[in-house]
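Enquirer: I'd like to ask you about the structure that follows.
Protein chains: 2
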Amino acid sequence: MKIETVRHSLAHVLAYAVSELYPGAKLGMGPAIENGFYYDFDLKTPFSQQDLTKIEKKMRDILGQNIGFKKKAVTKAQAKKLFKNQPYKLELLKELKEPTVYESGKFVDLCAGPHVKSAKDILADAFKLTKIAGAYWKGNEKNKMLTRVYGVAFGSKDELENYLKMQEEAEKRDHRILGKKLGLFVFSDLVGKGLPLFTAKGSIIRRELERFVVDEEIKRGYQHVYTPELAKVELYKKSGHYPYYKDSMYPVMMVDEEELILRPMTCPHHFQLYASQPHSYKDLPIRIAELAKQFRYEKSGELTGLIRVRSFCLADAHIICQKDQALDEINNVLGLIEYVAKTLGLEMGVNYRYRLSLGDRKDAKKYYKNDAAWSFAENVLRKALVQMKSPFFEAKREAAFYGPKIDFQMKNFAGKEDTAFTIQYDFVMSKRFNLNYADKDGKDKEPVIIHRSSIGAIERTMAFLLEHYAGALPLWLSPEQVWIVPIGAAHTEYARKIQRELSSFRVVVKDENETVGKKIREGELQKIPYLLIVGDKEIQSQSVAVRERGKGDTGSIALSVFKEKAAKELASKK
Amino acid sequence: MKIETVRHSLAHVLAYAVSELYPGAKLGMGPAIENGFYYDFDLKTPFSQQDLTKIEKKMRDILGQNIGFKKKAVTKAQAKKLFKNQPYKLELLKELKEPTVYESGKFVDLCAGPHVKSAKDILADAFKLTKIAGAYWKGNEKNKMLTRVYGVAFGSKDELENYLKMQEEAEKRDHRILGKKLGLFVFSDLVGKGLPLFTAKGSIIRRELERFVVDEEIKRGYQHVYTPELAKVELYKKSGHYPYYKDSMYPVMMVDEEELILRPMTCPHHFQLYASQPHSYKDLPIRIAELAKQFRYEKSGELTGLIRVRSFCLADAHIICQKDQALDEINNVLGLIEYVAKTLGLEMGVNYRYRLSLGDRKDAKKYYKNDAAWSFAENVLRKALVQMKSPFFEAKREAAFYGPKIDFQMKNFAGKEDTAFTIQYDFVMSKRFNLNYADKDGKDKEPVIIHRSSIGAIERTMAFLLEHYAGALPLWLSPEQVWIVPIGAAHTEYARKIQRELSSFRVVVKDENETVGKKIREGELQKIPYLLIVGDKEIQSQSVAVRERGKGDTGSIALSVFKEKAAKELASKK
């Protein structure tokens, strides 16, 4: 029995139950969908959540009657008579040449099937009605808004429970839900799909991540540059990216006689910087990094919160080095990535794993033809992974067209894997862009290029972190680090004094006219790391009553002690 | 006598002199241009700079002969005979119906004039040959490359001298020349016109400016956000910008059913953030700031280094406030701008002045029609300027379409004024975007919007600063702050030790195999603030021999003393 058939049959049972309980209800459509089913109803009064419980109970009653699902061919005239009180069914009927109906007990629905044979094939404890929503008839906003009842259904009670647990987890961890709850980013119909606007709070997280990675990379010998977000199409034709990427690139813009296009990647820009002056072997490796805005046209169906967007900021870099420096450089990048991951609180094997992504020598269309170069590059990457003693798996046909790569595969709360950071070995671009360096013997040589990202796309990494921490970000990333809650108006002055004292933190004084209890609850919902409650006692002893996130009331301590402790936590990025 | 006529006549004298000195030279064209003239020659061997001196002397000899400039109408046949050895003149002749020639002494040129009557009208000490360049015949690269000789000429010797002095100044101060000399930014034909790529060094200046302004603004109560670089065209139609800006906007890109366009300004994006949640009067003023990438299609002829580009990063902000908060907010912005200008070392009245830019009530096409609002807003801005006791001038028809503004007019080295920062009063957008706040009485009110920039477009401000300081940027903005020059190989270890000691500075150890003298000269050319020379003596006394930019050798001091002094200078941003 296909689970889709069970789900669709449950939609009929749902409509049956509604028809029994609310005799005037007009029926729309009721298909199976991912994880369950729905049915649309035209009602006098929309359902409440309580109605759902009642309907669900009725559905179980009906299933207990062991009803069948009997298919019957009918003439159009017969069907019209059957559904004379169901205007939506009559409308659907117009499009059908040979209508069929399904009979289940006293309920008849216009339907092509298939269905289960009888209620025995449906597990009464493996489905659940989940929510009510408005939906236009036939999805057209010019039509009437109907009430849609959603349900989920699975092959076993366990499966259902797992699913519901995961949903609950999603409610806690899904970054799109958290983004709204914590006020971090919004989308706007007027701006466009897949183009997030970061609020003040979300921007703090982003800026902290950006500055962290820029400073760390500079410390590790990278140059951090700025290059334009757009360039002539010619640049990407020369790099060879164009044929591979053109479907995900934005349309060309004619400006004067130039054909400009938003960049889908940064490499050719960095190559232009390298090529703007001559280089000697003594200059290498040169590591050019950038917080690079990139633009890819993702299909609207694939857009997912901050994970998949149409414009993103990649912490990108290109290392230009001699061939015999490549292994060292790759090791350095792996070291940087491990450092970044550790700082962000991500654990190898739990939150991410390494993938060695290989090309396919036989596919010269997708992968640049040079068997020796592929072998050499694959071995260098494999050696680096083996040297660092990290487990990894190999994946065929996942390489870039210009060489193999190491992918840092991050798992989201639901176990779904996405590539977060990469290290790519490139033996193609030097030739294409005529990049070279004068070697010891004075002759021009082609360098190797390593494309890499250390912290990935800032948007995507933010999404991972929000889900990983269920919104309770470490102190250094928390938009609001400390709330000071004065017990009464008389304590506001002291609260302000503390705020000035804690000027190296992001502190909010919560002096609105609300109860302390309400402010504490709000602070907990907003995942504020520290709530400091201050009243007469605290003023007298120059202390603060601390409520720590996840720990609750941890007692009163001297302000200076709190300050020192919080400063240590901030510096440790823990 | 028009100066253009003098200049064109000097072109003839130049050709006369060349014909006398280099009898085989074929003559191309020789028009007057801005500040002077040129003439193109087809030569067996191209001229050297020394030839110019010789030619200039010959020109003065010719002028001393008091030659005339006599116009003569000739038939085509006569002309062909006259120019039988001048193939370029013969080619030009083909296009002429009624050719005329000018006779000056032994020299005859095909020319429509006008010219001075005689050499007496030309001041022999008010012109100068300046340079030689290659130029294709008729500007077409398929034609032969000719040798172009440029000259400048003015109405007096003083004018010439002033011009030459200014040119020398430009050589020292022009940010385009400095950008190359100091290796700060490059342009690439493959990337496109008006799209600078910042090198590692240029990027340091940019990042310092960006972080300075972001941190300062956050300190002053701004939220610093990130919004997308592109949006639906609809957004700019709704704001009303589209009709005013569409000529300088990039072309529309169709993505799915959305018409997307690169943003020419940030305001509607910030309005979307404001509109994403309800606001009360208690929340106002809300100050939304961004380092905002913006895109304007400037004609290629108007592109100027970093001053006028096709993509720039504006330190933009929009203050949304109650009407009676506007004056305070404008005062705050003026305070911020003065602070920024002072920090950057710019002086009111010398480097910049204020302009109050007004609308034109009669031009309802260019300026939003609302006389009362214009009057009110103009008075608020005028009051703010008067209160701060800064002299300012008023300019008609320089306002934005949505209200009047204060412009901060910066002068470049040549005295040319450009707008660097602005404060704009906007009484239009709230209505257009339905922005509002709940007032004390619970009713929705329209806020006032102030558009402003505190440090302008980062690119343009960098250009102003480079010109202002002739490249010798203050310590905090210098890409390389300290060079340590070890006298010999034996002192490199000590140099590295100092580098580690000075880890809060950007320090380079100059250990290449070059003489100390050469390194010092290079450091001076590169405008390095501090050169520290270290040898045996310095190791023994744990000191450094300091060469300070602009001051030369300032003697040996203990490393700890230098460190303290430099740290103070860095913190002061002086």
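Protein chains in written order, with this note's numbering: chain R, 342 to 915; chain D, 342 to 915. Idealized CB from N, CA, C, for every residue including glycine.
1. By the 10 Å Cβ neighbour count, where 16 or more other Cβ atoms means buried, how is Met751 of chain R classified, buried or exposed?
2. Are Lys909 of chain D and Glu842 of chain D close, meaning C-beta to C-beta below 8 Å?
3. For the beta strand (DSSP E) holding Gln635 of chain R, just list the boundary residues, first then last.
4. When DSSP builds the beta bridges, which residues end up paired with His565 of chain R?
5. For the segment 780–787 of chain D against the segment 752–767 of chain D, do three or more pairs of beta-carbon atoms, one drawn from each stretch, fall closer than 8 Å, so that the two count as touching?
6. Taking 6 Å as the limit between beta carbons, can you name the residues of its chain near Ala418 of chain D, skipping five residues before and five after?
7. At a Cβ cut of 8 Å, what residues of the segment 707–734 of chain R count as close to chain D, listed as they run along the chain?
8. Give, in chain order, every unbroken run of the alpha helix (DSSP H) that is at least 4 residues long and sits entirely within the segment 808–892 of chain D.
9. Could you list which residues in chain D have their beta carbon closer than 7 Å to that of Met594 of chain R, in chain order?
10. Can you tell me the Cβ-Cβ gap for Thr763 of chain R and Arg793 of chain R, rounded? I've got them flagged as a contact below 8 Å.
11. Could you pull the start and end residues of the beta strand (DSSP E) that Arg489 of chain R belongs to?
12. Work out the CA separation of Arg888 of chain D and Glu879 of chain D for me, nearest whole Å.
13. Per DSSP, Tyr693 of chain R is paired with what?
14. In this structure, how does DSSP classify Tyr766 of chain R when only helix, strand and coil are distinguished?
15. Assuming Ile518 of chain R and Glu509 of chain R are in contact, meaning their beta carbons sit under 8 Å apart, how far apart are those beta carbons, in whole angstroms?
16. Closest to Leu404 of chain D by C-alpha separation, out of D:Ala616, D:Asp704 and D:Lys461, would be which residue?
17. Is it the case that the Cβ atoms of Lys367 of chain R and Asp383 of chain R are separated by a distance below 8 Å?
18. My guess is that Ser698 of chain D and Lys746 of chain D are in contact by the Cβ rule of under 8 Å, so how many angstroms apart are they, rounded?
19. If the criterion is Cβ atoms closer than 8 Å, does the pair Val857 of chain R and Trp824 of chain R meet it?
20. Distance, Cα to Cα, Gly475 of chain D vs Leu351 of chain D?
21. Let me see if you follow: with CB-CB separation under 8 Å, is Ser641 of chain D close to chain R or not?
22. Note the first and the last residue of the continuous beta strand (DSSP E) segment covering Leu412 of chain R.
23. Does Val347 of chain D come out as helix, strand or coil in the three-state DSSP assignment?
24. Report the neighbours of Val527 of chain D on chain R: residues whose CB is nearer than 9 Å to its CB, in chain order.
25. Under the three-state reduction of DSSP, which class applies to Val527 of chain R: helix, strand or coil?
26. Are the C-beta of Pro820 of chain R and some C-beta of chain D separated by less than 8 Å?
27. Please go through the same chain and pick out, in chain order, the residues whose beta-carbon is closer than 6 Å to the beta-carbon of Phe378 of chain R, but skip the five residues on each side of it.
28. Excluding the 5 residues flanking Ala358 of chain R on each side, which residues of the same chain have their C-beta closer than 7 Å to its C-beta?
29. Which residues of chain R have a Cβ atom closer than 9 Å to the Cβ of His565 of chain D, listed in chain order?
30. Assign Gly377 of chain R to one of three DSSP states: helix, strand, or coil.
31. Assign Arg649 of chain R to one of three DSSP states: helix, strand, or coil.
32. To the nearest angstrom, report how far apart Pro605 of chain R and Leu433 of chain R are at their CA atoms.
33. Taking 8 Å as the cut-off, decide whether the C-beta atoms of Gly690 of chain D and Arg628 of chain D are in contact.
34. Just the C-alpha distance for Leu632 of chain D and Ser901 of chain D, rounded to the nearest angstrom, thanks.
35. Under 9 Å between beta-carbons, which chain D residues line up against Ser652 of chain R? List them in chain order, please.
36. How about Val823 of chain D: is its C-beta nearer than 8 Å to some C-beta of chain R?
Expert: Reading off the structure:
1. Looking at its Cβ environment, which holds 16 or more other Cβ atoms inside 10 Å, Met751 of chain R is buried.
2. Contact annotation: Lys909 of chain D and Glu842 of chain D have beta-carbon atoms that are not nearer than 8 Å.
3. Start and end: Ile627 to Phe636.
4. Residue pairing for His565 of chain R: DSSP places it in a beta bridge opposite R:Ala630.
5. When Cβ pairs closer than 8 Å are counted between the two stretches, the segment 780–787 of chain D is seen not to touch the segment 752–767 of chain D, the count staying below three.
6. Nothing listed; no residue qualifies.
7. Flagged: no residues at all.
8. If we require 4 residues or more, the alpha helix (DSSP H) runs fully inside the segment 808–892 of chain D come out as 833–842, 857–866 and 877–882.
9. The answer, in chain order, is Tyr591, Pro592 and Met594.
10. Here Thr763 of chain R really is in contact with Arg793 of chain R; their C-beta atoms are around 7 Å apart, less than 8 Å.
11. Met486 to Ala494 is the span of the beta strand (DSSP E), which, as asked, contains Arg489 of chain R.
12. Rounded to whole angstroms, Glu879 of chain D to Arg888 of chain D spans 14 Å at the Cα level.
13. According to DSSP, which records beta bridges pairwise, Tyr693 of chain R is partnered with R:Met689 and R:Met751.
14. Strand.
15. Actually they are not in contact, since the Cβ atoms of Ile518 of chain R and Glu509 of chain R sit about 11 Å apart, beyond 8 Å.
16. Per the C-alpha coordinates, the member of D:Ala616, D:Asp704 and D:Lys461 positioned closest to Leu404 of chain D is D:Lys461.
17. Result yes, Cβ atoms of Lys367 of chain R and Asp383 of chain R sit closer than 8 Å.
18. Sure, about 5 Å apart at Cβ, within 8 Å.
19. Cβ distance not < 8 Å, so Val857 of chain R and Trp824 of chain R don't count as in contact.
20. Annotation: Gly475 of chain D to Leu351 of chain D spans about 20 Å, alpha carbon to alpha carbon.
21. Ser641 of chain D belongs to the set of residues whose beta carbon lies under 8 Å from a beta carbon in chain R.
22. Checking the sequence shown, residue 412 of chain R turns out to be Lys, not Leu. Note, Lys412 of chain R: beta strand (DSSP E), Lys411 to Ala414.
23. Here Val347 of chain D sits in helix by DSSP.
24. Neighbours of Val527 of chain D across chain R, judged by C-beta separation under 9 Å: Gln613, Leu614, Ser617 and Gln618.
25. Looking at Val527 of chain R - three-state DSSP - the assignment turns out to be strand.
26. So, not an interface residue.
27. Closer than 6 Å at Cβ, skipping near neighbours: Arg348, Leu351, Ala352 and Gly492.
28. Ile396, Lys399, Met400 and Ile403, listed in sequence order.
29. Around His565 of chain D, the beta-carbon contacts reaching into chain R at under 9 Å are Ala541, Ser544, Ile545 and Arg548.
30. In the structure shown, Gly377 of chain R sits in a strand (DSSP, three-state: E or B).
31. Arg649 of chain R falls in the strand class under three-state DSSP.
32. The alpha-carbon atoms of Pro605 of chain R and Leu433 of chain R are separated by roughly 46 Å.
33. With a cutoff of 8 Å on beta-carbon distance, Gly690 of chain D and Arg628 of chain D are scored as not near each other.
34. Each residue's alpha carbon lies about 38 Å from the other.
35. Near Ser652 of chain R (Cβ distances below 9 Å), the residues of chain D are Pro569, Glu570 and Leu571.
36. Closer than 8 Å to the CB of Val823 of chain D there is not a single CB belonging to chain R.
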